[in-house]
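*Asks:* If you use this note's numbering, the sequence shown corresponds to residues 188 to 264, in order. Just so you know, even glycine gets a beta-carbon here, dropped at the ideal spot from N, CA and C. None of these values were measured; they are calculated from a predicted model. The structure's right below; bear with me while I get my questions together.
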Amino acid sequence: DLVVEVLSPSETLAAAHEKAREWLAGGATLVWLIDPKRRMVEVWRREGLTRTLGDDDTLQGEEVLPGFAFPVRELWE
188 DLVVEVLSPS ETLAAAHEKA REWLAGGATL VWLIDPKRRM VEVWRREGLT
238 RTLGDDDTLQ GEEVLPGFAF PVRELWE
């Protein structure tokens, strides 16, 4: 399962990280934390934070969404 969270302007990264851990503990395979303020996407898996993506990176669906690829830069357009 995939969980996608877009952080609100008032949400802290610490709060989002806690949610990601809870979702993964509950059975999610992949979590994307999208932070428009910092223009970054954190990719979380069961082992924890695995990657932080910026404008020059591509968000991949991995085994959850095979073949899905989306340029991070386009999230902000």
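By how many angstroms is the C-alpha of T245 removed from the C-alpha of W263?
*Replies:* Residue 263 sits at position 76 when you count from the first residue of the sequence shown. Residue 245 sits at position 58 when you count from the first residue of the sequence shown. In a straight line, the C-alpha of W263 is about 13 Å away from that of T245.
*Asks:* Using the Cβ count rule (16 or more neighbours within 10 Å means buried), how would you classify E261?
*Replies:* Within the sequence shown, residue 261 is the residue found at index 74, counting from 1. It is exposed - the Cβ of E261 has fewer than 16 other Cβ atoms within 10 Å.
*Asks:* Run through DSSP, which three-state label would L189 get?
*Replies:* The count along the sequence shown starts at 1 and reaches residue 189 at position 2. Strand.
*Asks:* Measure the Cβ-Cβ separation of V251 and L217 and say whether it is below 7 Å.
*Replies:* Position 64 of the sequence shown holds residue 251. Position 30 of the sequence shown holds residue 217. The answer is yes: Cβ separation under 7 Å.
*Asks:* Per DSSP, which residues does A256 bridge with? Please list them.
*Replies:* If you number the sequence shown from 1, residue 256 lands on position 69. Paired residues: Q247.
*Asks:* Let's see if you can read the secondary structure: which residues bound the alpha helix (DSSP H) around L200?
*Replies:* Here residue 200 refers to the residue found at position 13 when the sequence shown is read from its first residue. L200 -> alpha helix (DSSP H) spans L200 to A212.
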